[in-house]
Amino acid sequence: MITPDTKDWTWVLERACPDCGFDTPEVDAERVADLVRANAAAWVALLAERPEAALRSRPVPEVWSDLEYACHVRDVFRLFRVRLGLMLDEQDPLFANWDQDETAVAERYGEQDPARVSAELAEAAEELAAAFDRVEGGQWQRPGRRSDGARFTVASFARYLIHDPVHHLYDVTEGRPHDLTGPPLSRSAGRSPATPQPNRPVRRGARPEGRAGPPRRARTRRPARCGR
Ligand SMILES: [Zn+2]
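Each residue of the sequence shown is one higher than the one before, starting from 76 at the first, in our numbering.
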């Protein structure tokens, strides 16, 4: 059982992520296409290098496996391609809700074939990158809305998007299980749970507390709430 993450990640548009270090506000939206391609290449390499058993293994029962994260990233690329199309084709579209946790279960992420996931991730990334390559001029300012009220332009949407696969790549390359049991690497006074709790399972990339105060740095890993 993975506990859904309901925190809002739009703060990444305003400051660097204390977990993965990615400085979203500094990203030029016109670079996002190349960042998507670079990120996808790293996932493809990871999926090729690690043994299948390792890819399918969850560090702890409550944390997604590398394969599950790769499936999630593939689906984020696909979802954001659709949403980018809506922003370019419609006036201020309202995005349909996407529940990333329901999708992970319904699509049986953990049972998918790593080689196929790798190919699909690469294809989805290239389609998204190519779509961003075609954005020009005033299109960067076209608006769109998420179902929770968050508002984006194509430019902020691009910056928001790229943090997610970058963060998850960090999750599967840096946030190894031993970090889950260490003390929170906190820059704030707040403390996050340092270990997964039986009744409150956690995933990689623990969520800072929204917009209130500095984000917490903890290695109780959860995927980003990127899909709403
Ligand atoms: Zn991050």
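Just so you know, even glycine gets a beta-carbon here, dropped at the ideal spot from N, CA and C.
| Asked | Found |
| --- | --- |
| Could you tell me which residues DSSP puts in a beta bridge with Gly219? | Phe227 |
| Is any heavy atom of ligand 1 found at a distance shorter than 7 Å from the C-beta of His147? | no |
| With a threshold of 7 Å on Cβ separation, who are the neighbours of Pro100 within its own chain once the five nearest residues in sequence on each side are excluded? | Leu88, Glu89, Arg90 |
| Quick check on Pro271: does DSSP put it in helix, strand or coil? | Interpretation of Pro271 is limited by its pLDDT of 34, a score under 50 that renders its predicted location unreliable; no figure is taken from the coordinates. |
| Just checking Asp98 against ligand 1 - is the residue's beta carbon closer than 7 Å to any of the ligand's heavy atoms? | no |
| If you follow the alpha helix (DSSP H) that Asn114 is in, where does it begin and where does it stop? | 107-124 |
| In chain order, what residues of the same chain have a beta carbon less than 7 Å from the beta carbon of Glu127, not counting five sequence neighbours either side? | Pro189 |
| Applying the criterion that 16 or more other CB atoms from any shown protein chain within 10 Å of the CB defines a buried residue, is Asp164 buried or exposed? | exposed |
| Does the beta carbon of Asp83 fall short of 7 Å from some heavy atom of ligand 1? | no |
| Output the residue ranges of the alpha helix (DSSP H) runs that lie fully inside the region 125-211 and measure 4 residues or longer, sorted by chain position. | 127-131, 141-164, 175-181, 189-208 |
| Return helix, strand or coil for Phe232, following the three-state DSSP convention. | helix |
| According to DSSP, is Trp74 part of a helix, a strand, or is it coil? | There is simply no residue 74 to check, as the chain begins at 76 and stops at 303 in what is shown. |
| Roughly how far, in whole angstroms, is the beta-carbon of Trp215 from the beta-carbon of Ala104, given that I think they are within contact range, below 8 Å? | 6 Å |
| In whole angstroms, what is the alpha-carbon distance linking Glu102 and Ala123? | What sits at residue 102 in the sequence shown is Val, not Glu. Answer to the nearest angstrom: the Cα atoms are 29 Å apart. |
| As a quick exercise: from Gly213, Glu202, Thr85, His242, pick the residue whose alpha carbon is nearest that of Phe155. | Glu202 |
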